[in-house]
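Contents: one structure, followed by commentary.
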Amino acid sequence: MVSRARLVVAVVVVLVAALVGAVAYYLSVPTVPTATPSPTFPAAQATPTPTPTAPPTKLTLRWGTASVGSAGYAALALIADVINRYMPELEITVMPTAGAVASIKSYANGELDGCYASTPSFTELYTGTGRFTGFTARRMPVQTFWVYPLEITIAIHQKNLGKFRCWSDLRGQRVFTGPSGWDVGVALRAALAALNITYEHVELDWKMVADALNRDTIVATIIYTTAVYGLPDWAREAELSVPLAILNPCPGELEVLKAKAPQLGIFEVVENYVSPREVFSTDVKLTSGDRISGVRFYYGFHVGTEVPEDVVYRMLKVLEEHARELANLNPMFRLLAEDFVGIQVRGIESNPLVPIHPGLARFLKEKGVWRSEWKVAS
Numbered sequence: 195m196v197s198r199a200r201l202v203v204a205v206v207v208v209l210v211a212a213l214v215g216a217v218a219y220y221l222s223v224p225t226v227p228t229a230t231p232s233p234t235f236p237a238a239q240a241t242p243t244p245t246p247t248a249p250p251t252k253l254t255l256r257w258g259t260a261s262v263g264s265a266g267y268a269a270l271a272l273i274a275d276v277i278n279r280y281m282p283e284l285e286i287t288v289m290p291t292a293g294a295v296a297s298i299k300s301y302a303n304g305e306l307d308g309c310y311a312s313t314p315s316f317t318e319l320y321t322g323t324g325r326f327t328g329f330t331a332r333r334m335p336v337q338t339f340w341v342y343p344l345e346i347t348i349a350i351h352q353k354n355l356g357k358f359r360c361w362s363d364l365r366g367q368r369v370f371t372g373p374s375g376w377d378v379g380v381a382l383r384a385a386l387a388a389l390n391i392t393y394e395h396v397e398l399d400w401k402m403v404a405d406a407l408n409r410d411t412i413v414a415t416i417i418y419t420t421a422v423y424g425l426p427d428w429a430r431e432a433e434l435s436v437p438l439a440i441l442n443p444c445p446g447e448l449e450v451l452k453a454k455a456p457q458l459g460i461f462e463v464v465e466n467y468v469s470p471r472e473v474f475s476t477d478v479k480l481t482s483g484d485r486i487s488g489v490r491f492y493y494g495f496h497v498g499t500e501v502p503e504d505v506v507y508r509m510l511k512v513l514e515e516h517a518r519e520l521a522n523l524n525p526m527f528r529l530l531a532e533d534f535v536g537i538q539v540r541g542i543e544s545n546p547l548v549p550i551h552p553g554l555a556r557f558l559k560e561k562g563v564w565r566s567e568w569k570v571a572s
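Every number in the numbering used here is 194 more than the matching position in the sequence shown, counting from 1.
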């Protein structure tokens, strides 16, 4: 019995030892975490590669105008700013030249894309006369955009008020009709020729006009305004140095000028268009009436038919919309802002020889002012 009891105890001891060892082994083995299944996502969709879009084509025009500091340069600089801001498809680069004639010749030779032209310079170009005698153009500008007029008359010293009453009284006298190459001089000389007035032209620098009148080197001088109210600096200085009087054409002379103007294509007649008090700062007199009369022509900026119709049409629409903005910046645009379409019509009437750009024609047809006798450039 003793031996059996001892055997049972031994077996129990072995089992307990085995159990303790198993527990110790189990505690010494690291626990492997249960793997968490990955979340399931829908299949990714392929993103299409965008097709690159070509930037819109911009037309750049190198546009000629007069020299820096002139009215023509100031006008185009402001016009170009408006176009460049409101027409992303068009950019104008302002290119100064010696004046309208130089600007036209540079365009006609293909050196510029647009030009500054007046009624006198356009007429001479299309007739091959005057400053364009012997000139051969590779291409011709056409009427595109008229901007402002210049009004031209004659001034004398007030001491001669009783001596000179009409333009015809200047026959045989020494007169400064403006520098030989300037459009204003071409227009006044054409008007005097239409009246069969012969005189002696005296070439002067603008700054010498007042002194020449005081010394009787000349008895009369050209004088002009821009868009009715703008007086050039030299004339402002002259009126402070010499008492001026405006020599108006007499009624009979005005009638002759009206009859001949359409055939000449250089000027139109303007009667009683402004009072001296609205233009001058001194007491400028008149030989007759209470308002100034004279002749007028137009300045504008023009291209050829190589510039598409739609571009010119859009340009005119933008400029019409912002004409008041231009007038607020410079009074030379005042008449344009008051009657944008009317300025275009009167510019065309003064230039009957010159065809009209299709874009301007479209603009005027839309406004209901197109005339069947006008010629569209092709």
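For glycine and all other residues, C-beta sits at the position ideal for the given N, C-alpha and C.
From a predicted model like this one, the values you see are computed outputs, not experimental measurements.
Closest in C-alpha terms to Asp405, from the list Arg471, Leu425, Glu433, Arg556, comes Glu433. Leu520 and Leu398 have their C-alpha atoms spaced approximately 34 Å apart. By the Cβ rule, the region 475-486 does not count as touching the region 280-293, because fewer than three pairs are nearer than 8 Å. Listed as beta-bridge partners of Gln352 by DSSP are no residues whatsoever.
Within the DSSP secondary-structure output, Val463 pairs in a beta bridge with Val489.
Cβ contact annotation for Arg383 (same chain, cutoff 7 Å, sequence separation greater than five): Thr371, in chain order. One alpha carbon belongs to Val336, the other to Leu319, and they sit about 11 Å apart.
Per DSSP, the continuous alpha helix (DSSP H) segment holding Ser300 begins and ends at 294-302. With fewer than 16 other Cβ atoms from the protein chains shown falling within 10 Å of its own Cβ, Ser572 counts as exposed.
Under DSSP, the beta-bridge partners assigned to Pro343 are Tyr492. Note that the C-beta distance between Ile412 and Arg368 is below 9 Å.
Exclusion of the five residues before and after Ala265 leaves Thr420, Met526 as the residues of its chain whose Cβ lies within less than 7 Å of its Cβ.
Straight-line measurement puts the Cα of Cys360 at about 10 Å from the Cα of Gly446. For Met289, the enclosing beta strand (DSSP E) begins and ends at 284-290.
If one requires a minimum length of 4 residues, the alpha helix (DSSP H) runs lying completely within the region 373-458 are 377-388, 403-408, 427-435, 445-458, in chain order. By the Cβ neighbour-count rule, Arg325 is buried, with 16 or more other Cβ atoms within 10 Å of its own.
With 16 or more neighbouring CB atoms inside 10 Å of its own CB, Val506 falls in the buried class.
Cβ-Cβ separation between Gly304 and Ser261: approximately 21 Å, too far for a contact (criterion under 8 Å).
Between Phe461 and Phe491 a beta carbon distance of about 5 Å is seen, short of the 8 Å cut, so the two are scored as contacting. In the three-state DSSP reduction, Trp257 falls in the strand class (E or B). Around the Cβ of Asn545, a 10 Å sphere holds 16 or more other Cβ atoms; the residue is buried. At the C-beta level, Phe495 and Thr313 stay beyond 9 Å of one another. Ala414 is the residue among Ala414, Lys401, Val378 whose C-alpha sits nearest the C-alpha of His351.
By the Cβ neighbour-count rule, Ala387 is exposed, with fewer than 16 other Cβ atoms within 10 Å of its own.
If you look at Arg508, you'll find it isn't in any beta strand (DSSP E); it sits in the alpha helix (DSSP H) that goes 503-515.
For Val369, the uninterrupted beta strand (DSSP E) run begins and ends at 368-370, by DSSP. An exposed status is given to Gln457, since fewer than 16 other beta-carbon atoms sit within 10 Å of its beta-carbon.
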